[in-house]
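Chemist: My questions all concern the structure below.
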Amino acid sequence: MSKILQQIRDAIETGGKTRYRISKETGIDQGQLSKLMAGLSGVSYEALERLAECLDLEIIIRPKRKKGK
Numbered sequence: 120m121s122k123i124l125q126q127i128r129d130a131i132e133t134g135g136k137t138r139y140r141i142s143k144e145t146g147i148d149q150g151q152l153s154k155l156m157a158g159l160s161g162v163s164y165e166a167l168e169r170l171a172e173c174l175d176l177e178i179i180i181r182p183k184r185k186k187g188k
């Protein structure tokens, strides 16, 4: 399971919005959200962006830290 998807799952569980509301705000089917929560499915980058916006999260991409530094 990717770290990003785990953070999305955690935010869905603790964020206070129902899956129904998240589905309506993002346009992502409730069945797809259920699969995501169960770890049975991933999401496209576009869906990830919509989820992050809905859950008030920010996606940050940065270079990996090099070992030994």
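The sequence shown runs 120 to 188 under our numbering. Each residue gets a CB set at the ideal place from its N, CA and C atoms; glycine is no exception.
Expressed to the nearest angstrom, what Euclidean distance is found between the alpha-carbon atoms of Tyr164 and Gly187?
Modeler: The residue given as residue 164 occupies position 45 in the sequence shown. The residue given as residue 187 occupies position 68 in the sequence shown. When rounded, the distance between both Cα atoms is 32 angstroms.
Chemist: Which residue comes first and which comes last in the alpha helix (DSSP H) that contains Leu176?
Modeler: Here the question's residue 176 lines up with position 57 in the sequence shown. From DSSP, Leu176 is part of no alpha helix (DSSP H); its letter is neither H nor E.
Chemist: What are the start and end residues of the alpha helix (DSSP H) that includes Thr133?
Modeler: As a position in the sequence shown, residue 133 is number 14, starting the count at 1. It spans Lys122 to Thr133 - the alpha helix (DSSP H) in which Thr133 sits, taken as one unbroken run.
Chemist: Could you pull out every residue in the same chain whose Cβ sits closer than 7 angstroms to the Cβ of Ser121, ignoring the five residues on either side in sequence?
Modeler: Taking the sequence shown and counting its residues from 1, one reaches residue 121 at position 2. Around Ser121: no qualifying Cβ.
Chemist: Should Leu155 and Ile123 be called a contact, given that it needs their Cβ atoms to be closer than 8 angstroms?
Modeler: Translated into positions along the sequence shown, residue 155 becomes position 36. Translated into positions along the sequence shown, residue 123 becomes position 4. No.
Chemist: For Thr145, count neighbouring Cβ atoms within 10 angstroms of its own Cβ and tell me buried if that reaches 16, exposed if not.
Modeler: Reading the sequence shown from its first residue, position 26 is the one you call residue 145. Buried, since its Cβ has 16 or more Cβ neighbours within 10 Å.
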